[in-house]
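**Student:** Top line first, the protein sequences correspond to chains A and B.
If you're matching positions, the first sequence starts at 1 in this note's numbering and goes up one per residue.
If you're matching positions, the second sequence starts at 1 in this note's numbering and goes up one per residue.
For every residue, glycine included, the Cβ atom is placed at its ideal position computed from N, Cα and C.
Note that the structure is a prediction, hence the values are computed from the model and not measured.
My structure is below; once you've seen it, I'll send some questions.
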Amino acid sequence: MTSQLEIAEVSKAFGGVQAVTRVSLDVERGEILSVIGPNGAGKTTLLNMISGFYHPDSGRIALDGAEITHVKPSQVAALGVARTFQNIALFRGMTVLENLMLGRHVRMKSGVLSSFVYWGLAQKEEVEHRKRVEDIIDFLRIQDLRRLPTGSLAYGLQKRVELGRALALEPKILLLDEPMGGCNHEEKEDMARFILDVNQEWGTTIILIEHDMGVVMDISDRVAVLDMGQKIAQGTPDEVRANPQVIKAYLGDAKGATNGGRRG
Amino acid sequence: MEADVADRTTLPRLLLCNAREFADRPAIREKDRGIWQSWTWRQYHDQVRDFALGLAALGFRRGDRLSIIGDNRPRLYAAQLAAQALGGVSVAVYQDSIAKELAYVWNHAEVSMIVAEDQEQVDKILALRAELPALRVVIYDDPRGLTGYRHDWLRSYSEVQETGRKFGTTSSGYFEAEIDKGKADDVAVICYTSGTTGHPKGAMITHANAIGVAEIFCREAHVKPEDTSLAYLPMAWAGDAVYTLFASLVAGFCANCPESPETVQRDLRELGPTTVLAPPRIWENMLTAIQVRANDATPLKRHTFNLFRSAAERAEILRSEGKAVPPALRLVTALGEFFVYGPVRDQLGLRKAKWALTGGAPLGPDTFRFFRSIGVNLKQVYGSTETSGLVSLQPDTEANPTSAGRPVPGMEVKIADRGEVLVRGCSIFKGYFKNEEATREVIDPDGWFHTGDAGFIDPRGHLVIIDRAKDVGALADGTPFAPQFIENKLKFSPYIREAVAFGNEKPFVAAMIAIDLGTMGNWAERRGLAYTSYMDLSQKAEVRELIAGEIRKGNETLPDATKVRRFLLLTKDLEADDAEMTRTRKVRRRFVAEKYAAVLDAFYRGAREVELTTTITYEDGRQASIQSRVHIEDVERAPVHV
Chain A
1 MTSQLEIAEV SKAFGGVQAV TRVSLDVERG EILSVIGPNG AGKTTLLNMI
51 SGFYHPDSGR IALDGAEITH VKPSQVAALG VARTFQNIAL FRGMTVLENL
101 MLGRHVRMKS GVLSSFVYWG LAQKEEVEHR KRVEDIIDFL RIQDLRRLPT
151 GSLAYGLQKR VELGRALALE PKILLLDEPM GGCNHEEKED MARFILDVNQ
201 EWGTTIILIE HDMGVVMDIS DRVAVLDMGQ KIAQGTPDEV RANPQVIKAY
251 LGDAKGATNG GRRG
Chain B
1 MEADVADRTT LPRLLLCNAR EFADRPAIRE KDRGIWQSWT WRQYHDQVRD
51 FALGLAALGF RRGDRLSIIG DNRPRLYAAQ LAAQALGGVS VAVYQDSIAK
101 ELAYVWNHAE VSMIVAEDQE QVDKILALRA ELPALRVVIY DDPRGLTGYR
151 HDWLRSYSEV QETGRKFGTT SSGYFEAEID KGKADDVAVI CYTSGTTGHP
201 KGAMITHANA IGVAEIFCRE AHVKPEDTSL AYLPMAWAGD AVYTLFASLV
251 AGFCANCPES PETVQRDLRE LGPTTVLAPP RIWENMLTAI QVRANDATPL
301 KRHTFNLFRS AAERAEILRS EGKAVPPALR LVTALGEFFV YGPVRDQLGL
351 RKAKWALTGG APLGPDTFRF FRSIGVNLKQ VYGSTETSGL VSLQPDTEAN
401 PTSAGRPVPG MEVKIADRGE VLVRGCSIFK GYFKNEEATR EVIDPDGWFH
451 TGDAGFIDPR GHLVIIDRAK DVGALADGTP FAPQFIENKL KFSPYIREAV
501 AFGNEKPFVA AMIAIDLGTM GNWAERRGLA YTSYMDLSQK AEVRELIAGE
551 IRKGNETLPD ATKVRRFLLL TKDLEADDAE MTRTRKVRRR FVAEKYAAVL
601 DAFYRGAREV ELTTTITYED GRQASIQSRV HIEDVERAPV HV
């Protein structure tokens, strides 16, 4: 059986900067895979190529055996790939509930006309979507925030709502770009718990970019390490931790040419 | 075989009665997925029956103890009734207890089964599993996050009910037969009291106690089947057991469980219950919230609010003194009802409340008067775990902020030497579980329960509580000294969250104060006073000055000899996790005196500063200590040196 997501030899350059160079990665169904690496290693670019935000210059990406290398982001989303962003991307003036309902957008079938009429199909659909969104609200324990504008929430809670918005899509694969960035210890623990629960309860495959090594090593099934746009290691957390190349990328070589990746 | 329907001697029998009599009326509700979902009395009965049969199939026998841990949820209430239907005892524990306390209670009660709300609680049990030899089965309500757990002793609530349904088909009549074996004198619940000294003690409350007290309460407070209540107070607290579990069975009214602890205020407003029970802290928080919102409103609204508020308070003072309210003032308050009081009550979820009760601790007279003035029928109630939660209650026409109300019919109250309040009646508990000695200490051969509270009966016949009897001492010059009485005067300030007064065998009274971070932080922000943490804020000169003023205000109502002369501001709040308070927020006086011995010494040595080492216990039991130098302040005159 093929992997759920196959990334084969993808490269991406921005002008003269080679962001990702011939990276290959197979993601198995139902696993939590973390992508780590110093700042500027190309992690977010890789995520952007999976979600169709960027298209690779070369190489191919396949989801369930079907190629999605040049598919538009909205279509990738419709195929079941949801993501969160490093910098929170929510509608700040809208309530938590509205943001989550928007997350259901690609799953809504009724068109503009029937929505105008509202009764019938559109109403039935709305009720079903709301039910699903309420499940997510319950799951993420944000019942008290339902009617609040997202802009007024604490940072850690906004991160949680963003995860909820991605979950509203009912994704097969969830791409999380630094879901714990800027969070305090408690918020990190909550988020780690939610990620594990999503993975367990719904069998969602998770690709995670995260700088907190404690969390990464704790919750990942596998870890892939990028440095300067290239994959330098891959394996279980223990294997990666012991890999001399990884240690070098993170701590710099003997000359002391560290590269600012000391946050792990 | 059917149990005798007219028999109302045990809680499970009441459930059978209600399932027949009230059948399709709502029994208990919970807000889930944003919608209020009800169980009718018949459904409630079926839920309890299936679960009870499941427990039986798992080997739960008469006299066994079942514990519940979690927020208020219908399934947890049903689990308690299921255990009782099988002749078992329910032991609810505080969901925010630390591991050590939980292990003590579960071991002491020899709990064989625990029903836990969710993963968070299951994880706590998992961590303690090796220390709990009597525990055989753990059942969880919310399966979220638990699918990956593989333990043969762990089961889901639905799974147990499914087992129960199968068991029911092979042994029909089992449930009813077990209920039939129940006797009024059987223990229904064990409530562990978070005593201010030593280990918690398990107070055994029988079915007769439970039903007796609930019947008196429902009669005195005019509770009807049409009433509604919000069940949001900890299930381990005797008050919730009496009110939500016992009284709802006795009267047949509908209890409502909030969606989550964070949504209580909103759920309260949505529901508009007809009966409201809340400790003083909640009333104070509501008043603070109203004041903050009034201050943030537009000038017109703010003036309108303040105008009608002061009119209402003037009228309330006249009414409480038994004087007539002049027609002009009556007209103003009638207008106020339309423009201000009604809408405010509506915002707070108190619009439909026919009465509201406060108990457990004294409520500030200003707060008390405010709620009464805007038309909330707020009254005080007094009781303790050992008296099944009820001794005295204020009648509608005699509400006041100082007394604990009139002893309810069926309860005898007398004052012993040294001022201790003694109580006798049907609601006095059976004794402490596995602790005959402690039981003999509090229940004398004549059946009087020694409450440990010092108090007196006032000329109207109301009981007035001053303090814990054992805490009442005397200053060096012999002046009687009741620390809690003084602390309560101080705590009426919105800026003071906790206070501990010292003075026994000392020349004067001194107090340690924990500021209220919410209101004090708000005050600091409005003044542009920057601070980083609780510790930082508590040591600001401006803050110390403000508190000194608040203490002076409190002192005005105290006799000269027992005025607070010196105080210091603690660098952290008093916490149950640090064993400084009980879970119901009562100060563990002896422990605190030992822990802060250096402060006591400094108070009476006349020192201006003291080195304070605070040890903090985190929820997982880890400890950390913080060192700081703390100022000691003098209030009014310089202290009298000896």
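So, is residue 49/B buried or exposed, given that buried needs 16 or more other C-beta atoms within 10 angstroms?
**Tutor:** Counting Cβ neighbours within 10 Å, residue 49/B comes out buried, since at least 16 surround it.
**Student:** Is the stretch 576-590 of chain B in contact with the stretch 605-618 of chain B, if contact means three or more CB pairs nearer than 8 Å?
**Tutor:** Taking 8 Å as the limit for Cβ pairs, the verdict is that the stretch 605-618 of chain B does touch the stretch 576-590 of chain B.
**Student:** Whose Cβ in chain B lies nearer than 8 Å to the Cβ of residue 14/A?
**Tutor:** Correct list: empty, because the minimum Cβ distance to chain B is about 41 Å.
**Student:** Is the stretch 53-64 of chain B close to the stretch 75-92 of chain B, with three or more CB pairs under 8 Å?
**Tutor:** The stretch 53-64 of chain B, when compared against the stretch 75-92 of chain B, does touch it at the 8 Å Cβ threshold.
**Student:** Determine contact between the stretch 352-366 of chain B and the stretch 375-392 of chain B, defined as no fewer than three beta-carbon pairs at a distance below 8 Å.
**Tutor:** Contact between the stretch 352-366 of chain B and the stretch 375-392 of chain B is present, because at least three Cβ pairs lie under 8 Å.
**Student:** What residues from the stretch 254-267 of chain B come within 8 Å of chain A, judged by C-beta to C-beta, listed N to C?
**Tutor:** Cβ contacts with chain A come from 259, 260, 262, 263 and 266.
**Student:** Just mark residue 626/B as buried or exposed, buried being the case when its beta carbon has 16 or more other beta carbons within 10 Å.
**Tutor:** That one is exposed.
**Student:** Whole angstroms is fine: what's the gap from residue 323/B's alpha carbon to residue 314/B's?
**Tutor:** When rounded, the distance between both Cα atoms is 11 Å.
**Student:** Buried or exposed: residue 289/B, going by 16 or more other Cβ atoms within 10 Å of its Cβ?
**Tutor:** Its Cβ having fewer than 16 others within 10 Å, residue 289/B is exposed.
**Student:** Smallest Cα separation from residue 250/B: which of 227/B, 211/B, 269/B and 291/B?
**Tutor:** Looking at the Cα atoms, 211/B is the closest of the given residues.
**Student:** Drop a sphere of 10 angstroms on the beta-carbon of residue 308/B, count the other beta-carbons inside from all chains shown, and report buried for 16 or more, exposed for fewer.
**Tutor:** Residue 308/B comes out buried.
**Student:** Under 9 Å Cβ-Cβ, which residues of chain B neighbour residue 29/A?
**Tutor:** Near residue 29/A there are no residues of chain B at all, since even the closest Cβ is about 16 Å away, more than 9 Å.
**Student:** Count the other CB atoms within 10 Å of the CB of residue 14/A; is the residue buried (16 or more) or exposed (fewer)?
**Tutor:** Exposed is the call here.
**Student:** From the DSSP output, in three-state form, read off residue 99/A for me.
**Tutor:** Reduced to three states, the DSSP call for residue 99/A is helix.
**Student:** Alpha carbon to alpha carbon, how far is residue 526/B from residue 565/B? Give it in angstroms, no decimals.
**Tutor:** Taking the straight line joining both Cα atoms gives about 29 Å.
**Student:** When we look at the beta-carbon of residue 215/A and count the other beta-carbons within 10 Å, is it buried (16 or more) or exposed?
**Tutor:** So residue 215/A counts as buried.
**Student:** Among residues of its own chain, excluding the 5 on either side of residue 142/B, which ones have a beta-carbon nearer than 7 Å to its beta-carbon?
**Tutor:** Once the five neighbours on either side are set aside, the close Cβ partners of residue 142/B are 117 and 118.
**Student:** Along the alpha helix (DSSP H) that carries residue 286/B, what are the first and last residues, could you check?
**Tutor:** Here the alpha helix (DSSP H) through residue 286/B covers 280-296.
**Student:** At a CB distance below 7 Å, what residues from the stretch 133-159 of chain B approach chain A? Give them in sequence order.
**Tutor:** Within the stretch 133-159 of chain B, the residues whose Cβ lies closer than 7 Å to some Cβ of chain A are 144, 145, 147 and 148, listed in chain order.
**Student:** Between which residues of its own chain and residue 3/B is the CB-CB distance below 7 Å, once the five residues before and five after are set aside?
**Tutor:** With a pLDDT of only 45 at residue 3/B, under the threshold of 50, the placement of this residue in the model should not be trusted, and no figure is reported.
**Student:** Report the three-state DSSP secondary structure of residue 122/B (helix, strand or coil).
**Tutor:** Residue state, collapsed to three classes: helix.
**Student:** Measuring only the C-alpha atoms, how far is residue 201/B from residue 158/A?
**Tutor:** Approximately 44 Å between the Cα atoms of the pair.
**Student:** Give the single residue among 222/B, 477/B, 369/B and 11/B whose Cα lies nearest to the Cα of residue 246/B.
**Tutor:** For residue 246/B, the nearest C-alpha among the options comes from 11/B.
**Student:** Can you check whether the CB of residue 413/B is closer than 7 Å to the CB of residue 216/B?
**Tutor:** It is not a contact, given that the beta carbons lie outside the stated cut-off.
**Student:** Thinking C-beta only, is residue 464/B closer than 7 Å to residue 455/B?
**Tutor:** For residue 455/B and residue 464/B, yes; Cβs fall inside 7 Å.
**Student:** Return the bridge partner residues of residue 230/A from the DSSP annotation.
**Tutor:** Residue 230/A is bridged to 227/A.
**Student:** Counting beta carbon pairs with one atom in the stretch 464-475 of chain B and one in the stretch 431-438 of chain B, are three or more of them shorter than 8 Å?
**Tutor:** Contact between the stretch 431-438 of chain B and the stretch 464-475 of chain B is absent, because fewer than three Cβ pairs lie under 8 Å.
**Student:** Does any residue of chain A bring its CB to less than 7 Å from the CB of residue 34/B?
**Tutor:** Residue 34/B counts as touching chain A.
**Student:** Within 10 angstroms of its Cβ, does residue 606/B collect 16 or more other Cβ (buried), or is it exposed?
**Tutor:** Residue 606/B is exposed by the Cβ-count criterion.
**Student:** Note down, in chain order, every chain B residue with its Cβ under 9 Å from the Cβ of residue 4/A.
**Tutor:** Residues of chain B passing the Cβ test: none, with the nearest at roughly 20 Å.
**Student:** Does any C-beta atom of chain B lie closer than 7 Å to the C-beta of residue 143/A?
**Tutor:** Output row for residue 143/A: interface = yes.
**Student:** With 7 Å set as the bound, which would you pick, yes or no: does the beta-carbon of residue 134/A sit closer than that to a beta-carbon of chain B?
**Tutor:** Closer than 7 Å to some Cβ of chain B, the Cβ of residue 134/A qualifies, so yes.
**Student:** At a CB-CB cut-off below 8 Å, which residues of chain B make contact with residue 201/A?
**Tutor:** In chain order: 144, 145 and 147.
**Student:** Just to confirm my understanding: we take residue 351/B, look at its own chain, exclude 5 residues before and 5 after, and list those with CB closer than 6 Å. What are they?
**Tutor:** 272 and 345.
**Student:** The stretch 222-246 of chain A: which residues have C-beta closer than 9 Å to a C-beta of chain B, in chain order?
**Tutor:** From the stretch 222-246 of chain A, no residue has a Cβ closer than 9 Å to chain B.
**Student:** Kindly list the residues whose CB is nearer than 6 Å to the CB of residue 41/A, restricted to its own chain and excluding five residues on each side of it in sequence; keep chain order.
**Tutor:** So the qualifying residues of the chain are 226 and 227.
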